[in-house]
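Some notes on the structure that comes next.
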Amino acid sequence: MEDKAADMEDSKVQQYWKPGQGGFRATVFVYVLVAFESMGLVANLSSLVLYFLFVMHFGVSGSSNTLTNFMGSTFMLALFGGFISDTYLTRLHTCLIFGVVEVLALVIITIQAHYPSLHPDPLCPSNCLKGSHAFMFYTSLALYALGAGGMRGALPALGAEQFDPKDPKEKKALTSYFNWYLFSLTLGASFGVTVIVKLGMDHGWDVAFFICMLSCVVGFMALAIGKPFYRIKPPGDGPILRIIQVIAVAFRNRKLTIPEETHELYEINDKESFEDYEKLAITKQFRFLSKAAILRHDSAPGPWEVCTVTQVEEVKVLTRMLPIIASTIIMNTCLAQLQTFSVQQGQAMNRFIGSYEVPASSVPVIPLVFMAVLIPVYEFVFIPVARKFTHHPAGITQLQRVGVGLVLSAVSMSIAAIVEVKRRNQDIKYHSTNSISLFWLSFQYCIFGIADMFTLVGLMEFFYKEAPSGMKSLSTSFTFLSLSIGYFLSSALVSVINSVTAKYTKHKRGWLKAQILNDNHLDLFYWLLAILSCINFANYLYWASWYKYKADNLDSELSDKMALVGSEFHKEESNAVVDQLTRERPSSTNQSDMKHEVPMGSSNQNEKTTEADNTTLNSSAEKNGENH
5 MEDKAADMED SKVQQYWKPG QGGFRATVFV YVLVAFESMG LVANLSSLVL YFLFVMHFGV
65 SGSSNTLTNF MGSTFMLALF GGFISDTYLT RLHTCLIFGV VEVLALVIIT IQAHYPSLHP
125 DPLCPSNCLK GSHAFMFYTS LALYALGAGG MRGALPALGA EQFDPKDPKE KKALTSYFNW
185 YLFSLTLGAS FGVTVIVKLG MDHGWDVAFF ICMLSCVVGF MALAIGKPFY RIKPPGDGPI
245 LRIIQVIAVA FRNRKLTIPE ETHELYEIND KESFEDYEKL AITKQFRFLS KAAILRHDSA
305 PGPWEVCTVT QVEEVKVLTR MLPIIASTII MNTCLAQLQT FSVQQGQAMN RFIGSYEVPA
365 SSVPVIPLVF MAVLIPVYEF VFIPVARKFT HHPAGITQLQ RVGVGLVLSA VSMSIAAIVE
425 VKRRNQDIKY HSTNSISLFW LSFQYCIFGI ADMFTLVGLM EFFYKEAPSG MKSLSTSFTF
485 LSLSIGYFLS SALVSVINSV TAKYTKHKRG WLKAQILNDN HLDLFYWLLA ILSCINFANY
545 LYWASWYKYK ADNLDSELSD KMALVGSEFH KEESNAVVDQ LTRERPSSTN QSDMKHEVPM
605 GSSNQNEKTT EADNTTLNSS AEKNGENH
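Heads up, the working numbering is the position in the sequence shown plus 4, with the first residue counted as 1.
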């Protein structure tokens with residue numbers, strides 16, 4: 005009977021794909037797109053600030069704000085791409101459609117960069133882009149943000165869905181997928197910020213943009229070629245509509261009392277109803293939302309009359325994620341500085357290695373190379389070693405991984421402030437004739453590169469695993485939402501700092517307002533970011549300890565731990581323990597679900613578990629939740 009039940013479950017899991025599809029053979033094509041597309045985008049992100057400064061004549065703060073606004077818009081639009089791929093289109097089709105938009109944008113940017121007649125007057129001091137030239141410029145940036153952002157909203161989830169979370173081996177491989185996703189990004193970005201940037205500096209901006217366009221075309225062609233290997237899931241119900249329904253019904257039922265017996269709350273217990281959606285148990289957080297699962301005596305079940313417990317819990321999961329998103333915004337504000345002001349710092353430093361002059365825009369290659377080396381070390385050394393001590397399949401939890409990154413970002417900003425003081429003092433002392441080496445910036449870049457390795461992958465894996473089944477793309481896009489708000493906050497923070505410091509400083513000029521870098525106080529700005537990062541980390545610790553993982557994830561983590569221990573026992577003994585863990589759910593699981601989840605063919609002997617065993621198992625489940 006157990007084998008028959010397992011076969012039935014496997015047939016449901018594989019309803020969208022054929023044997024031989026999925027796994028790492030499918031994600032290879034995703035990695036190719038990530039590498040080639042990042043090759044162009046990261047190269048542009050590291051050099052566009054100079055293009056805005058010297059070609060479009062936007063000024064120091066204007067060029068920085070234009071770039072951060074563009075990057076913020078790009079990552080914000082990842083939410084739109086995630087919503088489309090969850091609701092209307094498959095994730096593959098979403099990526100390809102937004103890919104066409106991104107290529108079109110790069111064509112327009114290349115054309116404008118190629119013809120000097122489409123540039124503002126070179127004699128104009130600043131902010132001289134007007135008329136049709138401005139329309140062409142901002143249209144190309146808007147299309148670029150839409151294409152690159154929309155694609156990012158669907159691509160990580162497309163690769164992640166190639167791994168079956170119900171298969172222990174494939175579930176463990178999911179963590180590796182996100183690590184190699186970042187590894188592919190760093191390889192492509194490293195090539196972009198060195199080779200493409202150098203070609204652009206030597207042969208013109210139009211050459212660099214044209215190469216970026218070609219790399220995008222190659223990447224999206226590779227993604228399309230891999231279609232026969234993908235496990236492609238069709239889109240489901242609109243996640244936004246499901247969220248609105250819960251809020252509306254909960255508000256209407258606000259005066260009702262939640263029943264003491266949780267199994268009295270409305271839920272659909274038909275297994276076939278959960279082929280596409282995982283069933284979630286009721287939790288005690290946000291009890292106001294639980295009222296949406298109360299079926300009034302004078303109403304019949306309907307979308308706007310009552311919501312299932314699972315639908316309510318989906319909204320609770322997304323609500324619990326919000327403080328985690330907010331706690332990573334400051335780090336991404338710091339990241340924006342390394343891609344704007346730090347590049348301008350590099351432009352004013354000694355960029356020679358012997359007779360070879362390093363482009364300032366190529367400085368980000370330092371953390372990228374560092375990350376490319378560390379990711380395999382993390383995958384093959386750190387995770388196996390940490391797993392022996394923590395017994396966690398990924399070595400450490402996703403939220404612990406994010407916390408490490410937040411600490412390192414504060415350290416990076418402190419070092420950036422110290423380096424800027426040294427650079428500025430030496431420049432002023434020797435009248436810019438004996439500037440310090442460009443590689444002084446490598447310290448802040450390397451530390452922030454490690455921070456990004458921990459945080460970016462940790463967030464993507466966290467949001468994907470915690471997300472409800474029908475909101476995987478949208479939830480994974482929350483990683484980019486944090487990036488987006490961080491970049492927008494950077495622009496706002498620069499403006500606020502300039503406005504406030506202009507009123508209270510001796511020279512009545514903002515810290516970052518001067519056209520010449522040495523006349524600014526960039527070091528003080530970096531110190532401010534370091535202080536904000538420390539405060540933000542304290543805030544993150546509170547919310548990370550407050551966060552409660554999904555009940556089904558608690559169960560799966562227990563199974564994962566038993567799988568790790570299983571090699572030390574006989575197979576029959578290991579299976580028996582896992583069966584007990586499956587039956588003995590945490591206390592938050594409602595009674596009807598416990599009956600529903602009892603494995604077929606369970607022996608009477610297993611059902612007669614002693615009270616002491618029940619206590620031990622429940623304690624284990626609670627302890628596992630705390631460890632998260």
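Backbone N, C-alpha and C fix where the C-beta goes; we use that ideal spot for every residue, glycine too.
query	result
Give me the residue from Lys-554, Phe-492, Glu-361 and Ser-477 with the minimum Cα distance to Ile-244.	Ser-477
When you compare only the Cα positions, how much space is there between Glu-271 and Val-408?	39 Å
Is any heavy atom in the ligand MN found nearer than 8 Å to the beta carbon of Val-381?	As presented, the structure is devoid of all ligands, the ligand MN included, so that no description of it is given.
Leaving out five residues before and five after Tyr-551 in sequence, what residues of the same chain have Cβ atoms less than 7 Å from its Cβ?	Arg-324, Ile-328 and Leu-403
Give every residue of the same chain whose Cβ lies closer than 6 Å to the Cβ of Val-415, excluding the five residues on either side of it in the sequence, and list them in chain order.	Ile-451
Rounded to a whole number of angstroms, what is the C-alpha to C-alpha distance between Glu-561 and Gly-103?	Legend: pLDDT at Glu-561 = 44, less than 50; position of this residue unreliable, value from coordinates given subsequently. Their Cα atoms are separated by approximately 37 Å.
What does the Cβ neighbour count give for Asn-524, buried or exposed, with the cut at 16 atoms within 10 Å?	buried
Which residues bound the alpha helix (DSSP H) around Asn-429?	402–433
Pull up the distance between the alpha-carbon of Leu-521 and that of Asn-183, whole angstroms please.	37 Å
Would you mind working out which of Leu-159, Gly-208, Glu-165 and Tyr-185 sits nearest Phe-224, comparing C-alpha positions?	Leu-159
Just the Cα atoms here: how many angstroms apart are Ile-236 and Phe-74?	31 Å
Give every residue of the same chain whose Cβ lies closer than 8 Å to the Cβ of Leu-203, excluding the five residues on either side of it in the sequence, and list them in chain order.	Val-211, Ala-212 and Ile-215
Taking the alpha-carbon positions, what's the Leu-269 to Thr-314 distance?	11 Å
Over what stretch of residues does the alpha helix (DSSP H) that includes Thr-98 continue unbroken?	95–118
What would DSSP say about Glu-271, mapped onto helix, strand or coil?	coil
One question on the structure: do Tyr-234 and Leu-162 come within less than 9 Å of each other, judged by their Cβ atoms?	yes
Taking C-alpha atoms, which residue in Thr-312, Gln-116, Met-417 and Phe-541 lies nearest to His-267?	Thr-312
By DSSP's criteria, Asn-257 is part of a beta bridge. Which residues make up the other side?	BP columns for Asn-257 are empty, so no partner.
My output table needs one value for Val-582: the three-state DSSP class, helix, strand or coil.	Here the model assigns Val-582 a pLDDT of 43, short of 50, so the residue's position is not dependable, and the following value carries that caveat. Looking at Val-582 - three-state DSSP - the assignment turns out to be helix.
Are Thr-337 and Leu-493 close, meaning C-beta to C-beta below 9 Å?	yes
Going straight from the alpha carbon of Ile-251 to that of Lys-320, what length do you get?	11 Å
Please determine, among Ile-112, Glu-41 and Gly-240, the residue with the shortest C-alpha to C-alpha distance to Ser-473.	Gly-240
Apply the 10 Å Cβ neighbour rule to Arg-95 and answer buried if 16 or more other Cβ atoms are within range, or exposed otherwise.	buried
In terms of alpha-carbon separation, which member of His-395, Arg-427 and Pro-232 lies closest to Gly-24?	Pro-232
What separation, rounded to the nearest whole angstrom, lies between the Cα atoms of Ala-376 and Gly-135?	44 Å
On the criterion of 16 or more Cβ atoms from any shown chain inside 10 Å, does Val-369 qualify as buried, or is it exposed?	buried
Can Gln-166 and Gly-63 be called in contact, C-beta distance under 9 Å?	no
What residues match up with Glu-361 in a beta bridge as DSSP calls it?	Phe-356
Would the region 376–394 count as touching the region 181–197 if we require 3 or more Cβ pairs under 8 Å?	yes
Under three-state DSSP, which class holds Ser-331?	coil
Identify, in the order they occur along the chain, each residue of the same chain with its Cβ nearer than 6 Å to the Cβ of Gly-514, setting aside the five sequence neighbours on each side.	Asn-502, Thr-505 and Ala-506
Assuming contact is defined by CB atoms lying nearer than 9 Å, are Asp-90 and Gly-242 in contact in what I supplied?	yes
Report the CB separation of Ser-486 from Ile-333 in whole angstroms; it is logged as a contact under 8 Å.	6 Å
Under a three-way DSSP split, which group does Ser-439 fall into?	coil
Between the region 354–369 and the region 66–80, do at least 3 Cβ pairs fall closer than 8 Å?	no
What's the gap between the Cα of Ala-635 and the Cα of Asp-527?	The requested residue 635 does not occur in the structure, where the chain is confined to residues 5 to 632.
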